[in-house]
Each structure stands twice: as C-alpha cells, then as structure tokens.
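Written below as structure tokens is the structure these notes are about.
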Amino acid sequence: MKKQFIKKGVTGFIFGLLAIIALIMIFNKPIKNKVVATYQPKVTRQAVVAASKKETANKKHRQRFKTASYNFKKVKPLDFGTVVSSRIHSRQIAPAGQILVPQSGIHLPIGLGVSNTTLALAAGTMRPDQQMGRGNYPLAGHHMTDPKILFGPLYFKTRIGQSVYLTDMKSVYQYQVYQRVFIAADRVDVINQTKQPIVTLITCDATGKGRLMIRGRLVKTTPLKRTDSKIKRAFLRPVNS
C-alpha cells in the first residue's frame, strides 16, 4: 500500500513537472518578450558620466577589473535563460545614452559594449573609442522577430529618410537614414572609424545568418535642454515607455 502511494506520488510529480515544462515552452516567447519590454530604466547624465569614468578607470587596471566586452564571438542567441539572467544582472549595463527612432517606434538605452547582458536589454556600442557626433558611431541590437522589441523595429519599420536621434544626456545628435542594406555577418569593416559623422545600426536579418545595416548622416547637434520638445520629453522619461 505504501509502495503504491509512493509510486503514485512520483508519477504525479513527473506529470506535474512535464506540465510546467510544456507551459514554459508554450509561453516561452511571450514571456521572454515581456521581460525585455518591461526593462524601463531612466537614463541620466550622471549615470552616463559615472559609467564612462568607471570604464576609463577599469582600463587602467585590466587585471583587477572588467571592462566592457567588444568580443562579437561571445554574443549568444537571445534565449529565455539569457533574457532572465540579464534582467537579474541589469545593473552591469554601463549606460552611454539613448537611441530614439520615432517613426519606427525604437526607444532604447545604449550600453557600453556587446556583452550578452547589454544586448539582451539595450543597444550596444561596437567600438571602445566611439563618440556620438564624431566619425562612425556603430550600434548593435538583437532582432527578436517582434516588430516592437529591441532592434526588431529596425528590420520591420526603419526606412531611408527617417530620423535617428542619439543622446548622451547632454546633447542630442540627429541623423537622417541614407542607407538600408543587407550585409554578410563577417563584415566587421562597417564599424571602422570614418571622417564623416554617421551612425551605423546593425541587427540580424530574417535568417539570423546575415545582417541588416542601416546608416544615417549627422544633420544636427543640439543641447538636450534646447532640443525639440517631443524629443526632449521622450529622452527624459524611462526608455521602452
């Protein structure tokens, strides 16, 4: 009798566990998207300056402190585990500013580097020396097949002629998209420095094997305090909101 009870208990536990696993698999994508979409940090000038100073200090003591990662080979596909882990460790993201593409519905924090934590929740800088408004400012972002999350809108909605706004929470840099092209995944030359001030936005194509590259030319730089009221309001509220 006791053995039967134990056997039923074990069977029930296994069925329950399988049911939970099945539910997780069914709702994996919606939950993952929700976890990313509800990451809404408020990026401030103080946070950007502090992150920059910390990164500079860490570079002087590489053996003791970690610096932002720019190793593209370590970037993993954005699975459920990576997203959850990134939310738990979101304080590791070093803010560099924000990106806003109003016509495409993109409003994201910009983090230093391309670590898995950064790219799971933000757009990541692709070179350690890049500066907004000076030369080439490349950013990478995940395309999750959702037209509203991370760089998904870049694939589905961003077109030539649209405006891309970057801010370091001191100035606003307005770029106009002039190029939208698919490139090979190994085209790392597109992040190289340029004489002309441009922004380069990189995300995956529909297959995940290639890349979509969008480029814009700098057309205007304005102090955040004096920028267009709609753009200013967007940058002063939490991202993804």
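Going by our numbering, the first residue of the sequence shown is number 190, and it counts up by one from there. Just so it is clear, CB atoms sit at the ideal spot from N, CA and C, and this is done for glycine as well.
For G302 and S274, which I take to be in contact (beta-carbon distance under 8 Å), what is that distance rounded to the nearest angstrom? Not a contact, Cβ separation roughly 16 Å.
Whole-angstrom C-beta distance between I391 and N325, which should lie under 8 Å: The pair is not a contact, with the Cβ atoms about 12 Å apart (cut-off 8 Å).
Can you tell me which residues form a DSSP beta bridge with A431? Nothing can be reported for residue 431, as the shown portion of the chain is limited to 190 through 430.
Below 7 Å between beta carbons: does that hold for I372 and M315? no
Out of curiosity, what's the CA-to-CA distance linking K223 and V370? 29 Å
Ends of the alpha helix (DSSP H) at P344? Sequence check: residue 344 is Tyr here, not Pro. Element bounds for Y344: 341–345.
What is the rounded straight-line gap between the Cα of L339 and the Cα of A311? 7 Å
Tell me, which residues are paired with S360 by DSSP? P412
As a quick exercise: from G322, P291, F261, V225, pick the residue whose alpha carbon is nearest that of T383. G322
Through-space distance from R415 to V144, alpha-carbon basis: Any property of residue 144 remains undetermined from this structure, which presents the chain solely from 190 to 430.
Expressed to the nearest angstrom, what Euclidean distance is found between the alpha-carbon atoms of N429 and Q229? 6 Å
Own chain residues within Cβ distance below 6 Å of I510, not counting five before or after: Residue numbering for the chain in the displayed model covers 190 to 430; residue 510 lies beyond these limits and cannot be assessed.
Just the Cα atoms here: how many angstroms apart are K337 and T245? 34 Å
Mind checking which residues open and close the alpha helix (DSSP H) that includes A423? 418–425
Taking buried to mean at least 16 other C-beta atoms within 10 Å of its own C-beta, is P284 buried or exposed? buried
In this structure, does DSSP put I352 in helix, strand or coil? The identity of residue 352 in the sequence shown is Ser, whereas the question assumes Ile. DSSP places S352 in strand when its eight states are reduced to three.
Pick helix, strand or coil for N247, following the three-state DSSP scheme. helix
Would you mind giving the Cβ-Cβ distance between Q365 and V408, rounded to the nearest angstrom? I have them listed as a contact below 8 Å. 5 Å
Pick helix, strand or coil for N222, following the three-state DSSP scheme. helix
Following a CB-centred definition, is L301 positioned closer than 6 Å to any heavy atom of the ligand COA? With respect to small molecules bound, the structure shown includes none, and the ligand COA cannot be examined in it.
Here's the rule I'm using: 16 or more other beta-carbon atoms within 10 Å means buried, otherwise exposed. How should P219 be labelled? exposed
Helix, strand or coil for I282 per DSSP? coil
Closest to T410 by C-alpha separation, out of K221, A309, V272, M358, would be which residue? M358
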